[in-house]
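Engineer: Residue numbers (our numbering), protein chains in the order written: chain A, 1 to 82; chain B, 1001 to 1368; chain C, 2001 to 2379.
Cβ coordinates follow ideal geometry from the N, Cα and C atoms, glycine included.
Since the structure is predicted, the reported quantities are computational estimates derived from the model, not experimental observations.
Shown below is the structure under consideration.
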C-alpha cells in the first residue's frame, strides 16, 4: 500500500478511458490517470507531468518546486556544521 | 539412440538409405507434434533425423547408436578429471528478449562445467514435448541450440525424445547433461574460499530475471532489457591463464548473486561483505525492481560469473576479465571476512550494514 | 532516477544523522518513534537507518501493513472463493504467502485453484474481459492508498457492464488503527512518522486529533531515506521546541486536503464497515471498507457464500504488544524459533514489512549489540 515510484507521463494512450504511458527509469507502462485529471488539467495537459505511480495508477502529481524546496533544505542542513 | 528395439533400429536405418524419387527426405511435413512422434515409429525417426540430427550434425550423433562412445585416451590427454553435470530447462515463455530455451539449455550446462575450470566438450539433449507443440517452434529451439553449441565449440552427441499428452508438460522441457575435462593443477571449489579474498562479478546483475518477467507479459511493462545468456568458459579460460589459483567460481543463476554468495559463505564457513555502491545494475532493471518491489540481487542471471580469488591476484584477474568481451564491466564487489561466519552482509551506500539473507521461496512483486 | 536518487544521497544522510544526534542529546531521554506504514519499516531496514541514529532513539514498527493485519478468517474466505472451479482469483503478490488457518493462496494455487498475481486491479478487469466464461474475483486489500484504484476499477466495470467480475474488499483505514493504538494505556510512543502515500489520498487534516487530543507530534513522511531522516529531525525539533503539530515533510506530493478525486471515488464505491477485525489488534470500529449496495453486483461477499469465520491468532503470538511498542521482535517468545518468515505465526512475521520479518531479514546481525543495550537499559 506504500510502494509508489515516480515516473513521467510521455503519452496519452486513451483519452476516454483516462489512460497514459508513463516512463519509469526507461521502463514504460500504461497507467490510469483518473486521479490527476480534471477540467483544469485534462489528459492532454498531463504529458510531461511527473507522477507517483502505485498499482497502475498515477495517484498524484509531484510538485517540482516543492521537491526543490525540500532538497534545498537538505542542502542547507548538510552545509551547517554541527 | 532413441529406440530400444535393435531390430527396428536396423530396419529403420535400412529404410532411410533407400531412395524414393517422390519422397523428399530432408523435410518433415508435420506441423504439430503428436503422440506418434514419441512412440518409436517412423514419425519419431523422421523427427529425430530432420530436426535434431540434421541440425546438430556431428559424426558421433549421426551414428544413431543407443549411446555415444568416446575415446578415453583423447580425454585423458586434455585433463586429469572429468567434470559432469546435468540441468533441466523449463523456462516460460520459450522465447524471450535476448535468448530462448534452446540457447539457455546449451549455455546453462556449459557454465556449470566451466565454473569448475573444465573445458566443456560434449552434451546430451533430452527433450519432453507436449502433444500439440508446433514443429516450427521446435525447429527454432533446436536451431538455437545448434548455434549456441557451435559458438561454444561443444558437440551434442546423444539424446532422447519423449512426447506426452497435451497438458502433461508445458510446451517443451529440455535436459542437457554435459561433460568436460579439467586440466591438472586446477582446483576450483567453494571450499577453498579464504578470509581476505576478493569477490568479483563480470557485469550487470538481474538482466535475465527482469527479461523473463517482462516477457511473461502479465505485468504489462515495456523495456529493452535482454537476457544476458552467454557461455562463460572462454572467460573462465582467460581468467585461469593469468591466475590458475582462483579459489571459487559460480554462475549466479536462479536466486541471483545473493544466493550464490550465501552458498559460498555457508560452504566455507566465512562471512562475505558486499559493497552496494559497486554492484552494477542497469537502470531499467533498477526501475522494474522499484516498480514491483523486488531486489535485483535475487534476480536470475544466465551469463554472470562470480569469482572469488586471493586479494593479491584480484587486480590481474580483474584486468583479464575486463579485456574479454564476456567481462567488460567486471568489478570487485566485495570481500571475504572472518565474521559473522556463514552470513552475507551488505554495506549500503549509506555506510550502514544489513544481512543479505537466503531467499525464502520465490521473490514476489509487492504493493506494500 | 529522478525524484528518487536525490533523496538517497549518503552525504546528506550523514549530515542529518548528526543533526538528529544533536537534538537527541538536547532531549536527554530515550525516545520512541512509531513509523505507521510498512513501507517506512521496509525502507528503515533496507537502508540501515537505525544504524546511523543514536542508540537512544528507537523505532516502534506500527500496524501499517494491510497484508499483515488481514485476519486468517478473511484469507480462508478468499481461498474458499478460489476453490470454485469457475473462479479466477486475482490478487497482489504480497497476499500469496499470508497464512490462513490451514493453508495459503500459493498452496491453493499449487493444488489446482486458478489464482493469478496482478500488478494492478485493472489487470484483473482485463482478465475478466478475456475470460467471459469465468468468474473473476479480485482480492482487494490495502489502505487508503490503494482504495482509489479498486474504486476506479469497479466504476470502470460498471461503465462497461461487466458481469463476470467482483471484488473481495479487505481495505482498511489508517486513522482508526492509529486511534486504537493511542487509546491503549501501554502504548509507548513519543511521536509518529505518518504514512506518506496514504496521506497523498487523505491529506494531512485527518491527523490533527493525534496532536490536539493525544498530544503526540506527527510528521507525514516520504519513503526515501532522506525523507525519513528529515522527518525524524522535524519530529525531534518539535519535541525540543515543545511544539505538538502535524507537519508535512512530503509536501512535494501531499496536500492538506488530499486528493479529492480519489476520495470521491472511494466514497462513491465504498462504505465504512461498522467493525473490522485486525490480526494482532483485534476489532477496530469503522476501520474497514465494504462495497456499497449500489455496486452490489461487484461484491464477492454477496456473490459467494463464504465461511466468514473469525479465527483467533495463535496462542503464543505476541504481535499485539509488538505493534504497540511494548515488545521488540526479539523479545517475543517465539521469534525466530516457531515463528519465522517461512512459518509465520502472527501478523508481524507474515509480510516482509512486518516488524518481525523485516528485523529477521535485515537487522539480526547489526542489531545484536543494540538490543542487548535496550534489554538491559530501558527495555
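Return the residues of the segment 2025 to 2057 of chain C that lie within a Cβ-Cβ distance of less than 9 angstroms from chain B, sorted by chain order.
Structural biologist: Listed in sequence order: 2037, 2038, 2039, 2042, 2045, 2046, 2047, 2048, 2049, 2050, 2051 and 2052.
Engineer: Beta carbons nearer than 9 angstroms to chain B: which residues of the segment 2155 to 2178 of chain C have them?
Structural biologist: If the cut-off is 9 angstroms between Cβ atoms, the segment 2155 to 2178 of chain C has nothing near chain B.
Engineer: Report yes if the C-beta distance between residue 2127/C and residue 2082/C is below 8 angstroms; otherwise report no.
Structural biologist: Against a cut-off of 8 angstroms, the Cβ pair of residue 2082/C and residue 2127/C comes out as no contact.
Engineer: Looking only at C-alpha atoms, which of 1164/B, 1125/B, 1077/B and 1273/B sits nearest to residue 1145/B?
Structural biologist: Among 1164/B, 1125/B, 1077/B and 1273/B, the Cα nearest to that of residue 1145/B belongs to 1125/B.
Engineer: Using a Cβ-Cβ cutoff of less than 7 angstroms, which residues in the same chain neighbour residue 1318/B once the five nearest sequence positions on both sides are dropped?
Structural biologist: For residue 1318/B, where only same-chain residues beyond five positions count, the Cβ hits under 7 angstroms are 1200, 1330 and 1332.
Engineer: Residue 2001/C to residue 1304/B, Cα distance in whole Å?
Structural biologist: Residue 2001/C and residue 1304/B: Cα-Cα distance of roughly 25 angstroms.
Engineer: For the candidate residues 1310/B, 1365/B, 1264/B and 1353/B, whose alpha-carbon lies nearest to that of residue 1289/B?
Structural biologist: Among 1310/B, 1365/B, 1264/B and 1353/B, the Cα nearest to that of residue 1289/B is on 1365/B.
Engineer: Have a look at residue 2071/C and residue 2097/C and give me their C-alpha separation to the nearest angstrom.
Structural biologist: Approximately 13 angstroms between the Cα atoms of the pair.
Engineer: How long is the line joining the alpha carbons of residue 1159/B and residue 2269/C, rounded to whole angstroms?
Structural biologist: Each residue's Cα considered, the two are about 60 angstroms apart.
Engineer: Between residue 1143/B and chain A, is there a C-beta pair that is closer than 8 angstroms?
Structural biologist: It does not: the Cβ of residue 1143/B has no partner Cβ on chain A nearer than 8 angstroms.
Engineer: What's the call for residue 1284/B, buried or exposed, on a 16-neighbour Cβ count within 10 Å?
Structural biologist: By the neighbour-count rule (16 or more Cβ atoms within 10 Å), residue 1284/B is buried.
Engineer: So, with DSSP's three-state summary, where would you put residue 2085/C?
Structural biologist: The answer is coil: DSSP assigns residue 2085/C none of H, G, I, E or B.
Engineer: Have a look at residue 2135/C and residue 2153/C and give me their C-alpha separation to the nearest angstrom.
Structural biologist: Cα to Cα, the separation comes out at about 16 angstroms.
Engineer: Provide the residue span of the beta strand (DSSP E) that contains residue 34/A, from first to last.
Structural biologist: Run containing residue 34/A: none; DSSP gives neither H nor E here.
Engineer: Which of the three DSSP states, helix, strand or coil, is assigned to residue 1229/B?
Structural biologist: Coil at residue 1229/B, not helix or strand.
Engineer: For the structure I just gave you, are there three or more beta carbon pairs, one from the segment 2171 to 2178 of chain C and one from the segment 2144 to 2158 of chain C, closer than 8 angstroms?
Structural biologist: Short answer: they touch.
Engineer: At 4 residues or longer, and completely inside the segment 1194 to 1263 of chain B: list those alpha helix (DSSP H) runs for me, N to C.
Structural biologist: Entirely contained in the segment 1194 to 1263 of chain B, the alpha helix (DSSP H) runs reaching 4 residues are, in chain order, 1207 to 1216 and 1233 to 1242.
Engineer: Spell out the partners DSSP gives residue 2275/C in its beta bridges.
Structural biologist: Its beta-bridge partners are 2285/C.
Engineer: Out of 76/A, 77/A and 14/A, which has the shortest C-alpha to C-alpha gap to residue 42/A?
Structural biologist: Nearest option by C-alpha distance: 14/A.
Engineer: Taking buried to mean at least 16 other C-beta atoms within 10 Å of its own C-beta, is residue 1224/B buried or exposed?
Structural biologist: Residue 1224/B comes out exposed.
Engineer: Determine, using beta-carbon pairs with one atom in the segment 2211 to 2218 of chain C and one in the segment 2179 to 2195 of chain C, whether at least three such pairs fall under 8 angstroms.
Structural biologist: Yes, the segment 2211 to 2218 of chain C is in contact with the segment 2179 to 2195 of chain C.
Engineer: Out of 2305/C, 2073/C and 2058/C, which has the shortest C-alpha to C-alpha gap to residue 2312/C?
Structural biologist: Among 2305/C, 2073/C and 2058/C, the Cα nearest to that of residue 2312/C belongs to 2073/C.
Engineer: Can you list the residues of chain B that residue 2244/C reaches, using a CB-CB cut of under 8 angstroms?
Structural biologist: Here the premise fails: no neighbours, minimum Cβ distance about 29 angstroms.
Engineer: Counting only C-beta atoms, is residue 3/A closer than 8 angstroms to chain B at any point?
Structural biologist: Cβ-Cβ to chain B under 8 angstroms: yes for residue 3/A.
Engineer: At least one CB of chain C closer than 8 angstroms to the CB of residue 46/A: is that the case?
Structural biologist: For residue 46/A, the answer is no, since every Cβ of chain C falls outside 8 angstroms of its Cβ.
Engineer: What residues in the segment 7 to 32 of chain A bring their beta carbon closer than 8 angstroms to a beta carbon of chain B?
Structural biologist: Listed by position, the residues of the segment 7 to 32 of chain A near chain B (Cβ gap below 8 angstroms) are 24, 25, 26, 27, 28, 29 and 30.
Engineer: Whose C-alpha, out of 2201/C, 2151/C, 2187/C and 2236/C, is nearest the C-alpha of residue 2193/C?
Structural biologist: Among 2201/C, 2151/C, 2187/C and 2236/C, the Cα nearest to that of residue 2193/C belongs to 2236/C.
Engineer: Comparing the C-beta of residue 66/A with each C-beta of chain C, is any distance below 8 angstroms?
Structural biologist: Judged by the 8 angstroms Cβ criterion, residue 66/A is in contact with chain C.
Engineer: With residue 1417/B and residue 1182/B assumed to form a contact (beta carbons below 8 angstroms), what rounded beta-carbon distance in angstroms separates them?
Structural biologist: Lying outside 1001 to 1368, the shown extent of chain B, residue 1417/B is not represented and no answer is given.
Engineer: Please state the DSSP three-state secondary structure of residue 2301/C.
Structural biologist: Looking at residue 2301/C - three-state DSSP - the assignment turns out to be helix.
Engineer: Per DSSP, what are the beta-bridge partners of residue 2195/C in this structure?
Structural biologist: Answer is 2221/C, bridged to residue 2195/C.
Engineer: List in chain order: all unbroken alpha helix (DSSP H) runs of 4+ residues lying wholly within the segment 1147 to 1172 of chain B.
Structural biologist: List check, alpha helix (DSSP H) in window: nothing returned.
Engineer: The beta strand (DSSP E) with residue 135/A in it runs from where to where?
Structural biologist: There is simply no residue 135/A to check, as chain A begins at 1 and stops at 82 in what is shown.
Engineer: Could you have a look at residue 2010/C and say whether DSSP puts it in helix, strand or coil?
Structural biologist: Note: residue 2010/C maps to helix in three-state DSSP.
Engineer: State the start and end residues of the unbroken alpha helix (DSSP H) segment that holds residue 2121/C.
Structural biologist: Unbroken alpha helix (DSSP H) run through residue 2121/C: 2121 to 2130.
Engineer: Can you tell me where the beta strand (DSSP E) with residue 59/A in it begins and where it stops?
Structural biologist: Run containing residue 59/A: 57 to 61, per the beta strand (DSSP E) assignment.
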